[in-house]
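Sequential numbering of the sequence shown, starting at 1, is according to UniProt numbering.
Presented below is the structure to which this report refers.
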Amino acid sequence: MGSHRERPPLMICPGFSRRFAGFVGLTHLAAAAVIPLLGNASIWLLVLIPIALSALYIGYVDVLRRAPWSIHSVRWEPDGTWRIRFVSGAEREARLCPATFVSLPLVVLSFRLAVLHRRSLPVFADALDPDQLRRLRRQLRIEGAAGDRASDLT
Numbered sequence: 001m002g003s004h005r006e007r008p009p010l011m012i013c014p015g016f017s018r019r020f021a022g023f024v025g026l027t028h029l030a031a032a033a034v035i036p037l038l039g040n041a042s043i044w045l046l047v048l049i050p051i052a053l054s055a056l057y058i059g060y061v062d063v064l065r066r067a068p069w070s071i072h073s074v075r076w077e078p079d080g081t082w083r084i085r086f087v088s089g090a091e092r093e094a095r096l097c098p099a100t101f102v103s104l105p106l107v108v109l110s111f112r113l114a115v116l117h118r119r120s121l122p123v124f125a126d127a128l129d130p131d132q133l134r135r136l137r138r139q140l141r142i143e144g145a146a147g148d149r150a151s152d153l154t
C-alpha cells in the first residue's frame, strides 16, 4: 500500500469527564446507602471505610488522572501498535485486548502491558473531541483487536 494511504497516528488524550465522575460518585453513594440496611451499627464504619477509600482512589487515579501511574494519553500507530503515556512521563508499548468495548457514549480501551499487567482507559463522549472520538470508534470497529486475539490468551 502506498504511503499516501497510510493513516496518521491517532492520539487519544481524554480530558475530565463529568459523566465518569458522576458515575463513580453515584456508584459509591449507592453502595454507602445500602450499609444502614445491615442493621448492626458497629459494623457500619468498617464497611464505609473501604467504600470511601475506593471512591478516593478511583477519583484520584482514573477520574482526575493525577497519580503518576494514571494514563495520560494513548497513541495508536499506523502499524497497529499502541503506546501508553503515563502522567509520570513514562511511555510503554501495549497490546489492545479483545475485551475493548465500543459504543456511542463510551469507549473502554483495554490494554495488556505484560503477562499479568492490564490497564483500561474509559473514554466517555464528553472527555474527547467529537471528531476524534468518531475516528477512534470507526478505526476500532474496522481494525480493533481482531488481528491480535492471542493477546488475551497469553
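Built from N, CA and C at the ideal position, the CB exists for glycine as well.
Residues of its chain near residue i, where Cβ-Cβ distance is below 8 Å and the 5 sequence neighbours each way are ignored
i, result
"residue 162", "The structure shown does not extend to residue 162, since the chain is modelled only from 1 through 154, so no value can be given for it."
"P9", "R75, W76, E77, P78"
"L133", "V107, V123, A125"
Secondary structure of residue i, DSSP reduced to three states
i, result
"W69", "coil"
"P50", "helix"
"F16", "coil"
"L113", "strand"
"L136", "helix"
"residue 155", "Outside the shown range of the chain, which is 1 to 154, sits residue 155, and nothing can be said about it."
"T154", "For T154, the pLDDT reaches just 49, beneath the cut-off of 50, and the residue's location in the model is therefore unreliable, leaving the point undetermined."
"P78", "coil"
"A99", "coil"
"P122", "strand"
"R92", "strand"
"L128", "coil"
"L104", "coil"
Proximity of residue i and residue j at Cβ, strictly below 9 Å
i, j, result
"P122", "F20", "yes"
"T100", "L140", "yes"
"F111", "S120", "yes"
"L113", "R83", "no"
"residue 155", "W44", "Past the edges of the chain, shown from 1 to 154, lies residue 155, and the structure says nothing about it."
"L128", "L109", "no"
Residue of the options minimising C-alpha distance to residue i
i, options, result
"I49", "R66, G80, H28, A94", "H28"
"A31", "L109, D131, I51, V115", "I51"
"P130", "G15, A41, L26", "G15"
Chain-order list of residues whose beta-carbon lies under 7 Å from that of residue i (same chain, five-residue window excluded)
i, result
"P68", "F86, V87, S88"
"D126", "S17, R18, R19"
"F124", "S17, R19, F20, P105, L106"
"S73", "M11, I12, C13, R85"
"I35", "W44, V47, L48"
"L136", "L10, I12, V107"
Cβ-heavy atom distance, residue i to the ligand SAM, below 8 Å
i, result
"S54", "Ligands are entirely absent from the displayed structure, and the ligand SAM is therefore not among its contents."
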